[in-house]
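Colleague: Protein chains in written order, with the working numbering: chain A, 4 to 278; chain B, 4 to 278. Glycine residues also receive a C-beta, built at the ideal position from the N, C-alpha and C atoms. Dropping a structure here in structure tokens format, bear with me for questions.
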């Protein structure tokens, strides 16, 4: 059992928790809590990627049954409770933490099995970890096929992002790109219609047809999309707003658009079934 | 100028910042930042409610012009920069803080000028300040008329909630109620159709008609609605989800529902105009 915060493994964990550079150099990320760790252990695509497990002493003593599956996946190390609390990103640590090798997705993963019905969110310079996590969670629920992020977005593997995805980060393909405008062109060449969520858009979002492959450009929380990025879109769409509200939270704007896609595709499927 | 954190006004401000009980006993709340403070000073319903203004020394020196309107509304006090930072709820204090008398809304305010077209969000036991703030911001943009909160929801006047409403807290009527079920009955008697956002709902949310007065029951982030509250609704509606997502963020669920109301009412207005 490790009992000192000065232990080199503990120092490494703290670095991986705090620094995206450390995570990206080691090509790993951290997953906290029995729920998400359990999902990793049960998922054939992730099981082999768990490189190490850390348990708090009290968790290891209490939950023998729950640990079995995880312990078959990787070597487990016990941390004294105060050491675990020192490493943990949460106020009330749940006593279990997995070091997991990152997955690399390709553009094909983002487009899903049928590019003609791809449904992609493209995020520019998104900064708030909670927003990004919520967008992953929402995207999965709305049936999006993947998420593209500009290089200056917050790190998907930031522990707060991972936590607020509620597991969606394990299932939703994503790709960081250096050249966002080039990538948008690539999406268009693949046949996707690209829509910019833009306060100066001239069409309301629900006047457009999202039943074939589509992508939505969502901008930074404070500044929206850069002009040159918004101009790459086939269409700029606006979400009409009442009152004196000047904009929507980025996660809310993404949710309204992605669930409109879901709604239209569900209705189309209903009509096909009836015919 | 106040230069000590031990000053009694400073101690009062810290209490008002941290404790909902202190805010509710004094019937005030705090508004930080030039943007929202400026909105207060320009709004006839709020201007008279500003009871005091605090400026950081450096802000007071720099932004003479910006302060004029606010200084006409209430007495201003200067705090040394470190004292202002001690009081502020933000990491990078903007140097301006207003103490504002709370407003009391009635059920009539919640229902708006035309109860037959009321659009109300009813929140049970919502705990996350960021979620609550986002719901206020979204509700205003979606044209909701008011928000009802169970007594155990987080305090709307919590500084993090106030901040994340982006000003909507100044414009969106809201009401805390002791008896949530009694209040839901009252809404039904007024003629509103009441919908519970419920994972076990048997109708999808977009199959219902929201063009007349309606209210949505939104539950706690972790547990959803209590069974006895969900059962008060006229209908339980579900937002269909793909993938392995088990639920949506409460703010996202509220956004999808409230913007469906907005969409339906906009389309109805379009049809009326065409006829």
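Could you tell me which chain B residues have their CB closer than 7 Å to the CB of residue 96 (chain A), listed as they occur along the chain?
Modeller: Here residue 96 (chain A) refers to the residue found at position 93 of the first chain. What residue 96 (chain A) touches in chain B: nothing, since even the nearest Cβ is about 17 Å away.
Colleague: To the nearest angstrom, how far is the alpha carbon of residue 81 (chain A) from that of residue 165 (chain A)?
Modeller: One-based indexing of the first chain puts residue 81 (chain A) at position 78. One-based indexing of the first chain puts residue 165 (chain A) at position 162. If I take the Cα positions, the gap works out to 23 Å.
Colleague: Pull up the CB-CB distance for residue 241 (chain B) and residue 209 (chain B), whole angstroms please, since I reckon it's below 8 Å.
Modeller: Stepping through the second chain from its first residue, residue 241 (chain B) is reached at position 238. Stepping through the second chain from its first residue, residue 209 (chain B) is reached at position 206. In fact, because the Cβ distance is near 10 Å, the residues do not count as touching under 8 Å.
Colleague: Determine the chain A residues that contact residue 146 (chain B) at a beta-carbon separation under 8 Å, and present them in chain order.
Modeller: Walking along the second chain from the start, residue 146 (chain B) turns up at place 143. What residue 146 (chain B) touches in chain A: 245, 246.
Colleague: Does the Cβ-Cβ distance between residue 32 (chain A) and residue 105 (chain A) come in under 7 Å?
Modeller: Here residue 32 (chain A) is taken as the residue at index 29 of the first chain, counted from 1. Here residue 105 (chain A) is taken as the residue at index 102 of the first chain, counted from 1. Yes, the pair counts as a contact, with Cβ atoms nearer than the cut-off.
Colleague: Bridge partners of residue 123 (chain B), per DSSP?
Modeller: Sequence index remark: in the second chain, residue 123 (chain B) carries index 120 (1-based). In DSSP, residue 123 (chain B) forms a bridge with B:149, B:218.
Colleague: Between the stretch 81-90 of chain B and the stretch 132-143 of chain B, can you find at least three pairs of beta-carbon atoms closer than 8 Å?
Modeller: No contact exists between the stretch 132-143 of chain B and the stretch 81-90 of chain B.
Colleague: Residue 348 (chain B) and residue 151 (chain B): beta carbons closer than 7 Å?
Modeller: There is simply no residue 348 (chain B) to check, as chain B begins at 4 and stops at 278 in what is shown.
Colleague: If the cut is a Cβ gap below 8 Å, which residues of chain A does residue 265 (chain B) touch?
Modeller: Taking the first residue of the second chain as 1, we reach residue 265 (chain B) at position 262. Simply 243, 245.
Colleague: Three-state secondary structure (DSSP) at residue 248 (chain A)?
Modeller: By 1-based counting over the first chain, the position of residue 248 (chain A) is 245. In this structure, residue 248 (chain A) counts as coil in the three-state DSSP scheme.
Colleague: Run through DSSP, which three-state label would residue 213 (chain A) get?
Modeller: Locating residue 213 (chain A) in the first chain gives position 210, counting from the first residue. Three-state DSSP puts residue 213 (chain A) in coil, outside helix and strand.
Colleague: What are the boundary residues of the alpha helix (DSSP H) that residue 65 (chain A) is part of?
Modeller: Here the question's residue 65 (chain A) lines up with position 62 in the first chain. Start and end: 60-65.
Colleague: What span of residues does the beta strand (DSSP E) with residue 104 (chain B) cover, start to end?
Modeller: Stepping through the second chain from its first residue, residue 104 (chain B) is reached at position 101. It spans 99-104 - the beta strand (DSSP E) in which residue 104 (chain B) sits, taken as one unbroken run.
Colleague: Under the DSSP definition of a beta bridge, which residues are partnered with residue 227 (chain B)?
Modeller: By 1-based counting over the second chain, the position of residue 227 (chain B) is 224. Answer is B:223, bridged to residue 227 (chain B).
Colleague: If the cut is a Cβ gap below 9 Å, which residues of chain A does residue 158 (chain B) touch?
Modeller: As a working note, residue 158 (chain B) is residue 155 in the second chain. Going along chain A, no residue has its Cβ under 9 Å from residue 158 (chain B), so there is no contact; the nearest lies around 19 Å.
Colleague: If contact means a Cβ-Cβ distance below 8 Å, which residues of the stretch 29-47 of chain B contact chain E?
Modeller: No chain E appears in this structure, whose protein chains are A and B.
Colleague: Taking 7 Å as the cut-off, decide whether the C-beta atoms of residue 25 (chain A) and residue 56 (chain A) are in contact.
Modeller: As a working note, residue 25 (chain A) is residue 22 in the first chain. As a working note, residue 56 (chain A) is residue 53 in the first chain. It is not a contact, given that the beta carbons lie outside the stated cut-off.
Colleague: Distance, Cα to Cα, residue 47 (chain A) vs residue 11 (chain A)?
Modeller: Sequence index remark: in the first chain, residue 47 (chain A) carries index 44 (1-based). Sequence index remark: in the first chain, residue 11 (chain A) carries index 8 (1-based). Straight-line Cα distance between these residues: approximately 31 Å.
Colleague: Rounding to the nearest angstrom, what Cα-Cα distance links residue 13 (chain A) and residue 159 (chain B) in this structure?
Modeller: Working through the first chain from its first residue, we reach residue 13 (chain A) at position 10. Working through the second chain from its first residue, we reach residue 159 (chain B) at position 156. Their backbone Cα atoms lie some 40 Å apart in a straight line.
Colleague: Is the number of C-beta pairs between the stretch 141-155 of chain B and the stretch 215-225 of chain A that are closer than 8 Å three or more?
Modeller: No: fewer than three Cβ pairs fall under 8 Å.
Colleague: Give me the subset of the stretch 190-211 of chain A whose CB atoms are less than 8 Å from a CB atom of chain B, sorted by chain position.
Modeller: Within the stretch 190-211 of chain A, the qualifying residues are 207, 209.
Colleague: Select from A:52, A:85, A:249, A:238 the residue whose C-alpha is nearest the C-alpha of residue 280 (chain A).
Modeller: As displayed, chain A neither begins before 4 nor continues past 278, which places residue 280 (chain A) out of reach and without an answer.
Colleague: For residue 195 (chain B) versus residue 121 (chain B), is the C-beta spacing smaller than 7 Å?
Modeller: Position 192 of the second chain, counted from the start, is the residue given in the question as residue 195 (chain B). Position 118 of the second chain, counted from the start, is the residue given in the question as residue 121 (chain B). Yes, the pair counts as a contact, with Cβ atoms nearer than the cut-off.
Colleague: Taking Cβ positions, are residue 223 (chain B) and residue 131 (chain B) nearer each other than 7 Å?
Modeller: Numbered from its first residue, the second chain carries residue 223 (chain B) at position 220. Numbered from its first residue, the second chain carries residue 131 (chain B) at position 128. No, these two residues do not count as a Cβ contact at 7 Å.
Colleague: Let me make sure I understand the geometry here. Which of B:149, B:19, B:170, B:197 has the alpha-carbon closest to that of residue 37 (chain B)?
Modeller: Against the second chain, residue 37 (chain B) aligns to sequence position 34. When each option's Cα is compared against that of residue 37 (chain B), the closest is B:170.
Colleague: Could you say which of A:54, A:253, A:244 lies nearest to residue 268 (chain B) if we only look at CA atoms?
Modeller: Taking the first residue of the second chain as 1, we reach residue 268 (chain B) at position 265. Answer by Cα proximity: A:244.
Colleague: On the DSSP letters alone, give me the boundaries of the alpha helix (DSSP H) that residue 83 (chain B) sits inside.
Modeller: Indexing the second chain from 1 puts residue 83 (chain B) at position 80. Where residue 83 (chain B) is concerned, there is no enclosing alpha helix (DSSP H), given that its DSSP letter is neither H nor E.
Colleague: Among the residues of its own chain, which have a CB less than 8 Å from the CB of residue 72 (chain A), if the five just before and after it don't count?
Modeller: Mapped onto the first chain, residue 72 (chain A) falls at position 69. 41, 44, 45.
Colleague: If you follow the beta strand (DSSP E) that residue 178 (chain A) is in, where does it begin and where does it stop?
Modeller: Taking the first residue of the first chain as position 1, residue 178 (chain A) is located at position 175. Run containing residue 178 (chain A): 177-180, per the beta strand (DSSP E) assignment.
Colleague: So, with DSSP's three-state summary, where would you put residue 16 (chain B)?
Modeller: Residue 16 (chain B) sits at position 13 when you count from the first residue of the second chain. DSSP places residue 16 (chain B) in helix when its eight states are reduced to three.
Colleague: Quick check: the Cα distance between residue 27 (chain B) and residue 199 (chain A), rounded to an integer number of angstroms?
Modeller: For this step, residue 27 (chain B) is matched to residue 24 along the second chain. For this step, residue 199 (chain A) is matched to residue 196 along the first chain. Cα to Cα, the separation comes out at about 43 Å.
Colleague: Counting only Cβ-Cβ distances shorter than 8 Å, please list the residues of the stretch 14-30 of chain A near chain B, keeping chain order.
Modeller: Of all residues in the stretch 14-30 of chain A, none has a Cβ within less than 8 Å of some Cβ in chain B.
Colleague: Contact defined as beta carbons within less than 8 Å: I believe residue 246 (chain A) pairs with residue 174 (chain B). What is the distance between those atoms, to the nearest angstrom?
Modeller: Numbered from 1 along the first chain, position 243 holds the residue referred to as residue 246 (chain A). Numbered from 1 along the second chain, position 171 holds the residue referred to as residue 174 (chain B). Yes, residue 246 (chain A) and residue 174 (chain B) are in contact; Cβ-Cβ is about 6 Å, under 8 Å.
Colleague: Sort out for me which residues DSSP pairs residue 239 (chain B) with in a bridge.
Modeller: For the purposes of this step, residue 239 (chain B) is taken as residue 236 along the second chain, with counting starting at 1. According to DSSP, residue 239 (chain B) bridges with B:199.
Colleague: Report all residues from its chain with a CB closer than 6 Å to the CB of residue 64 (chain A); omit the five preceding and five following residues, and keep chain order.
Modeller: Taking the first residue of the first chain as 1, we reach residue 64 (chain A) at position 61. Result list for residue 64 (chain A): empty, nothing under 6 Å.
Colleague: I need the DSSP call for residue 52 (chain A), collapsed to helix, strand or coil.
Modeller: For the purposes of this step, residue 52 (chain A) is identified with residue 49 of the first chain, where counting begins at 1. Three-state DSSP puts residue 52 (chain A) in coil, outside helix and strand.
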